[in-house]
Amino acid sequence: MYSGVMSSQKSSNSDLDHNLGADLKQHADFNLSFAKETDLSYRTLVKAGFARPESARKTIEDICKNCENNSINVLKILESINRVEDPDYAILAFKDIYQSQKKTVENIAENSNNSLITSPLASLMQVLGASKSFAMLMRTHTDLINAAANDPNHLLHMTLEERVSDLLQAIQSYSATVVNEEKDDEKNCNSCTVPISSMPFAQAVCALRARYRQHIAAIMAYDLASADPVELQPDISRKLSDAADAALEAALAIARGQVSGSCCCRFAIIAMGKLGAQEINYVSDIDLIYVVEPTNGVKQ
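Going by our numbering, the first residue of the sequence shown is number 15, and it counts up by one from there.
Dropping the structure here:
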């Protein structure tokens, strides 16, 4: 029953995604005749995708004027903006983060090859044009900028186990043993090891949010760089689901650190719906079921 509904929806969505992918590819194959120009004429800016070319011209001029080492120039900006969903917002957001994180952005631009659409600068622009929330966060989070631009920590292709380990490391977790005194045929007692965060609550939550967002930024940049979104599925949804699973594991480790005697409680989180099927997208909420059982001899 479930698969039948999904099959119908998938067929419809596949057609839409295919058309979108074809449009993106056609746009990407455009030889960027404007890219050989250094002027910011109305025609050049319209070709680049700007709906408000006059505003874009002023913004680009301001950016280039403030770049003393010429790592950011008109040519790089026009090529990096080529496949951005919302070029007008992206260039304004780029100006904001350049003003607040100048050295970081210039380093990214210096490592960007003008001949590559998916250069670090292009990846950053694509994320800025697709997510206003990320654009705002990047004003004060250098690590998030780098995650979107070039993924220096190799977050994109992590397995589920690696994502869990990475987020647990971000909250400085340590291992504790949960013991159940009920005997079985093989051992005197059952026991398992669980992670517990050693950081203060507020600090741990901030650390988890920051690192989780870096995972999502790296995935989003990879997704946006594709000319064919259908080709990347279901890999993107699986990566997003793994990141959410890892965040839940880390959140549980934070909670254990706040509750005295938490090692005496066996606790499980069961993912339902899209997360359980590893089909979440960027804006999905998650449905969970909590299963709790005290260890032997402990009152609930």
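No residue lacks a Cβ here, since even glycine has one placed at the ideal position from N, Cα and C.
For M150, the uninterrupted alpha helix (DSSP H) run begins and ends at 146-151, by DSSP. Bridge pairing for T207: T191 [DSSP]. For the set N80, A65, N125, I268, the Cα lying nearest the Cα of A104 is the one of A65.
Between K288 and the set M139, S276, D301, the nearest pair of CA atoms involves D301. Within the DSSP secondary-structure output, P308 pairs in a beta bridge with C279. Note on N164: 16 or more other CB atoms within 10 angstroms of its CB, so buried under the neighbour-count rule.
When only Cα atoms are considered, T156 and N80 end up about 19 Å apart.
By the Cβ neighbour-count rule, Y304 is exposed, with fewer than 16 other Cβ atoms within 10 Å of its own. With respect to L142, A190 sits apart: the two C-beta atoms are not nearer than 7 Å. Of the candidates E175, S179, D100, D100 places its Cα closest to the Cα of K146. Spanning the alpha carbons of K72 and A136 requires a straight line of approximately 20 Å. V178 places its beta carbon less than 7 Å from that of A260.
Under DSSP, L238 shares a beta bridge with no residue. Around the CB of S126, 16 or more other CB atoms lie within 10 Å, so the residue is classed as buried.
Secondary structure at A291: coil, using DSSP grouped into helix, strand and coil. At least 7 Å separates the beta-carbon of I185 from that of L158. I283 is a Cβ neighbour of L262, given a cutoff of 7 Å. Between E293 and S251, the gap from beta carbon to beta carbon is short of 7 Å. For I74 against V88, the beta-carbon gap comes to about 6 Å, under 8 Å, which counts as contact.
In the three-state DSSP reduction, L302 falls in the strand class (E or B). Across the set V98, Q113, S94, the C-alpha of Q113 shows the shortest separation from the C-alpha of D76. If you draw a straight line from the Cα of Q140 to the Cα of K61, it comes to about 17 Å. Exclusion of the five residues before and after P134 leaves I122, N125, S126, A163, N164 as the residues of its chain whose Cβ lies within less than 7 Å of its Cβ. Of the candidates M150, L181, P166, the residue whose Cα lies closest to the Cα of A218 is L181.
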